[in-house]
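*Asks:* Numbering follows my numbering, in which position 151 of the sequence shown is assigned residue number 151; successive positions increment by one, without gaps.
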Amino acid sequence: MKIALMDSGIGLLAAADAVRRRCPEADLVLSCDPDGMPWGPRSPEDVTERALAVARAAAEHQPDALIVACNTASVHALPTLRAELEPALPVIGTVPAIKPAAAGGGPLAIWATPATTGSPYQHGLIRDFAPAVDVTEVPCPGLADAVDAADETAIDRAVAAAAALTPRDARAVVLGCTHYELVEERIRTALQRPGLPAVVLYGSADAVAAQALRRVGAAVADGAGGGRGPVTSVTPAGPSGGRLTVLLSGREGVLPEPALAYAEGRLLAAVSQVR
1 MKIALMDSGI
11 GLLAAADAVR
21 RRCPEADLVL
31 SCDPDGMPWG
41 PRSPEDVTER
51 ALAVARAAAE
61 HQPDALIVAC
71 NTASVHALPT
81 LRAELEPALP
91 VIGTVPAIKP
101 AAAGGGPLAI
111 WATPATTGSP
121 YQHGLIRDFA
131 PAVDVTEVPC
141 PGLADAVDAA
151 DETAIDRAVA
161 AAAALTPRDA
171 RAVVLGCTHY
181 ELVEERIRTA
191 LQRPGLPAVV
201 LYGSADAVAA
211 QALRRVGAAV
221 ADGAGGGRGP
231 VTSVTPAGPS
241 GGRLTVLLSG
251 REGVLPEPAL
261 AYAEGRLLAA
271 VSQVR
């Protein structure tokens with residue numbers, strides 16, 4: 001089985017780690033865009049163009065599924081990616097976990113990039129899944145870029161600014177950018193209010209990984225895929241992890257140095273057979 005993941009930068013690490021934990025033997029193709037990042041400030045048309053290039057580079061390696069491990073690309077480019085690549089290549093987008101967060105009641109906050117915050121896409125998710133819940137949209141300018149650079153000072157500054165905009169009574173926070181899951185503990189610490197229960201954080205990585213593996217299994221069952229069949233159990237990753245291919249704006253390379261600042265990146269490097 002081979003699973004490809006795409007993002008502007010290293011935000012795909014959380015989903016890649018989730019895939020590796022569920023299916024240690026799967027080959028992974030990580031396709032990111034250091035030449036064009038960040039995607040957040042770009043126009044929807046530019047994001048779509050960059051996302052298509054990154055997706056095409058990944059598709060050349062003939063994966064069984066492609067995870068769009070980027071909220072910005074999922075917001076702006078997912079229909080275009082699916083129109084070009086499906087049904088031959090299943091494309092799995094990343095949706096902010098508003099539905100499960102809202103199921104627990106409110107109030108809740110959604111941390112996202114400025115491009116996603118206030119977008120019709122996010123407003124549609126709130127309308128569909130949290131119509132009766134008090135929701136606060138919190139823009140997090142600079143946080144994804146700081147995470148991508150592993151700039152600890154900038155991360156702490158951006159997290160503190162977003163925490164200050166988060167209502168004190170928020171019981172749940174949706175992490176609406178894949179990069180944010182890499183600094184989940186810092187966010188949880190920043191949101192801790194004296195005398196109040198810990199805020200529950202909702203990311204998307206585990207759900208996206210599970211959906212990708214289900215899609216591969218369904219394709220195999222239909223005789224349309226090249227994988228080995230459905231994978232639903234979680235197996236601890238070990239030294240026999242599958243092959244890892246890294247694409248940097250289409251060029252084969254190695255994991256960017258900032259990726260190794262995070263546990264997900266270090267584990268991925270440690271348990272993978274590097275191509």
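For each residue, glycine too, the CB sits at the ideal point set by N, CA and C.
Can the beta-carbon of residue 80 be found less than 8 Å from the beta-carbon of residue 113?
*Replies:* no
*Asks:* Does the distance from the C-beta atom of residue 155 to that of residue 143 stay below 8 Å?
*Replies:* Yes; because the gap between Cβ atoms is below 8 Å, this pair is in contact.
*Asks:* Out of 57, 217, 35, 95, which one is the CA nearest neighbour of residue 73?
*Replies:* 95
*Asks:* So is residue 8 buried or exposed if we call it buried at 16+ other beta carbons inside 10 Å?
*Replies:* That one is buried.
*Asks:* Between the Cα of residue 201 and the Cα atoms of 15, 170, 55, which residue gives the shortest distance?
*Replies:* In terms of Cα proximity to residue 201, the closest of 15, 170, 55 is 170.
*Asks:* For residue 31, count neighbouring C-beta atoms within 10 Å of its own C-beta (all shown protein chains included) and say buried if the count is 16 or more, exposed if not.
*Replies:* Buried, by the Cβ-count rule.
*Asks:* Hey, which unbroken runs of the beta strand (DSSP E) at 3 residues or more fall wholly within the stretch 23-108?
*Replies:* Residue ranges of uninterrupted beta strand (DSSP E) with 3 or more members, entirely inside the stretch 23-108 and ordered along the chain, are 27-32, 65-68.
*Asks:* With a CB to CB cut of under 6 Å and the five nearest residues on each side skipped, what residues in its chain are close to residue 126?
*Replies:* 135
*Asks:* Taking the alpha carbon of residue 216 as the point to measure from, which residue in 66, 172, 195 has its own alpha carbon closest?
*Replies:* 66
*Asks:* What number of angstroms, rounded off, separates the C-alpha of residue 83 from the C-alpha of residue 194?
*Replies:* 49 Å
*Asks:* State the DSSP-derived secondary structure class of residue 214, mapped to helix, strand or coil.
*Replies:* helix
*Asks:* Taking its Cβ as the centre, do 16 or more other Cβ atoms sit within 10 Å of residue 40, making it buried, or is it exposed?
*Replies:* buried
*Asks:* Quick one: Cα of residue 116 to Cα of residue 71, how far?
*Replies:* 8 Å
*Asks:* Could you pull the DSSP bridge partners for residue 130 from this structure?
*Replies:* Answer by DSSP bridge pairing: none, since residue 130 is not bridged.
*Asks:* For residue 113, name the three-state secondary structure that DSSP assigns.
*Replies:* coil
*Asks:* Helix, strand or coil for residue 191 per DSSP?
*Replies:* helix
*Asks:* Taking 8 Å as the cut-off, does the stretch 6-25 touch the stretch 173-190 (at least 3 CB pairs, one atom from each stretch)?
*Replies:* yes
*Asks:* Rounded to whole angstroms, what is the Cα-Cα separation between residue 15 and residue 5?
*Replies:* 8 Å
*Asks:* Please go through the same chain and pick out, in chain order, the residues whose beta-carbon is closer than 8 Å to the beta-carbon of residue 92, but skip the five residues on each side of it.
*Replies:* Same-chain partners within the cutoff: 65, 66, 67, 68, 208, 211, 212, 215.
*Asks:* In terms of alpha-carbon separation, which member of 106, 111, 244 lies closest to residue 140?
*Replies:* 111
*Asks:* Hey, could you find the ends of the alpha helix (DSSP H) residue 154 is sitting in?
*Replies:* 152-165
*Asks:* So, using beta-carbon positions, are residue 268 and residue 20 closer together than 8 Å?
*Replies:* yes
*Asks:* Hey, could you find the ends of the beta strand (DSSP E) residue 4 is sitting in?
*Replies:* 2-6
*Asks:* Ends of the alpha helix (DSSP H) at residue 248?
*Replies:* No alpha helix (DSSP H) holds residue 248; the beta strand (DSSP E) holding it covers 243-248.
*Asks:* Identify the continuous beta strand (DSSP E) that holds residue 201 and give its terminal residues.
*Replies:* 200-202
*Asks:* Measuring CA to CA, which of 149, 138, 108, 145 is closest to residue 129?
*Replies:* For residue 129, the nearest C-alpha among the options comes from 108.
*Asks:* The beta strand (DSSP E) with residue 149 in it runs from where to where?
*Replies:* Where residue 149 is concerned, there is no enclosing beta strand (DSSP E), although the alpha helix (DSSP H) it sits in stretches over 143-149.
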